[in-house]
Amino acid sequence: MIKRIIRFKEAISTQDTAKRFVNQNKELAIFSLRQKHGRGRQGRTWYSPPGGLYVSLLLFPRTRLSSIPLLASLVIVKVLEDYGFSRLSIHWPNDVLLNEKKVSGIICEQSGDAVICGIGLNVNNDGFIPTLENAISLKIDAGKPFDIDEILTHLIDKFNPLYDELQNRGIKVKEVLNYIDGIGESIEVITSRGVFRGLVHGIDDDWALLLRDETGMIRKFCYGDVRRLRW
Ligand code: BTN
């Protein structure tokens with residue numbers, strides 16, 4: 000349960016700031032208005048100018064570690080729905096798409112007993128660097144700016160009960176399935192064990208991705224990056 004949000008005007012990366020709090024053994028959120036070196040997955044940079052929402056959740060989950068990124072994606076979707084956005088989908092497990100463009104990215108890193116779940120949400124960004132052509136912000140989509148601090152508070156308020164439910168009772172996978180895009184589509188999953196191609200078969204009760212390869216074998220992935228091969 001996150002009871003405290005620590006706010007900064009600037010951070011190198013809120014992921015690194017959160018690491019400094021691990022020893023305190025308390026779940027909390029580290030927020031910054033901008034980041035000098037925001038980190039994305041797979042060693043990528045997360046472009047972090049003012050106008051975006053950058054937060055790292057310091058968590059000590061008891062169970063179901065692998066479902067944290069998907070849980071965070073679900074929370075983002077629910078927050079954006081509350082703001083009236085539709086056409087939202089989850090690109091398993093870490094990206095939230097608005098109108099098929101990336102509006103939010105999530106990275107989860109382990110630090111001792113803690114999991115640091117970093118969320119980047121494009122809120123009031125007016126544009127993106129040319130290499131990020133598939134990105135969108137809430138402001139670009141809605142044609143008006145949003146109050147970042149209000150979204151942050153809403154995000155934590157939505158996260159807490161779902162996180163609690165995940166740990167104590169488990170959340171029905173059906174809820175997530177409603178938003179997962181690409182079922183039946185051809186993808187590759189990039190993991191530290193290699194790259195695996197196949198068709199998205201579904202999500203199982205652990206919220207892991209099920210991939211059917213060309214031999215018909217179903218493989219289960221708890222982690223990985225997904226790339227669509229055909230749209
Ligand atoms: C991705 O899509 O590659 C994940 C991007 C995660 C970005 C967030 S912003 C807050 C936190 N601090 C970071 O340096 N990265 C994450």
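Residue numbers for the sequence shown follow numbering that gives the first Met the number 0, beginning at 0 and rising by one. Note that the Cβ used here is the ideal one computed from N, Cα and C, for glycine as well.
Between G50 and G42, the alpha-carbon positions lie close to 23 angstroms from each other. Residue L120 holds the alpha-carbon nearest to the alpha-carbon of K138 among H153, L120, P129, R218. Looking at the backbone, the Cα of F7 and that of I106 are separated by about 19 angstroms. If you compare the alpha carbons of Y178, H200, N177 with that of V188, the shortest gap goes to H200. In this structure, the straight-line span from the alpha carbon of E213 to that of G104 is close to 30 angstroms. When the five nearest sequence neighbours on each side are left out, the beta carbons in the same chain lying within less than 7 angstroms of the beta carbon of V95 are those of S72, I75, V76, L87, I89, V102, S103, in order along the chain. Put simply, the backbone Cα of G37 is about 5 angstroms away from that of W45. The three-state reading of DSSP puts P68 in helix, counting H, G and I together.
Straight across, the Cα-Cα distance linking S136 with P60 is about 30 angstroms. Between A28 and I179 a beta carbon distance of about 26 angstroms is seen, past the 8 angstroms cut, so the two are scored as non-contacting.
One Cα belongs to S66, the other to I128, and the distance between them is close to 31 angstroms. Just measuring C-alpha positions, the residue of M216, N22, P68, C116 sitting nearest V54 is C116. The Cβ-Cβ distance between N133 and K100 falls below 9 angstroms. Taken in chain order, the whole alpha helix (DSSP H) runs of length 4 or more contained in the segment 28 to 68 number zero. With a threshold of 8 angstroms, the Cβ atom of Q23 does not count as near the ligand BTN, since no heavy atom of the ligand is closer than that. Taking C-beta atoms under 8 angstroms as the contact rule, L69 and V225 fail to qualify, at a distance of about 12 angstroms. Of all alpha-carbon atoms in A17, N22, Q34, N24, the one lying nearest the alpha-carbon of I11 is that of Q34.
9 angstroms or more divides the Cβ of A17 from the Cβ of S85. For L198, the enclosing beta strand (DSSP E) has its first and last residue at 193 to 202.
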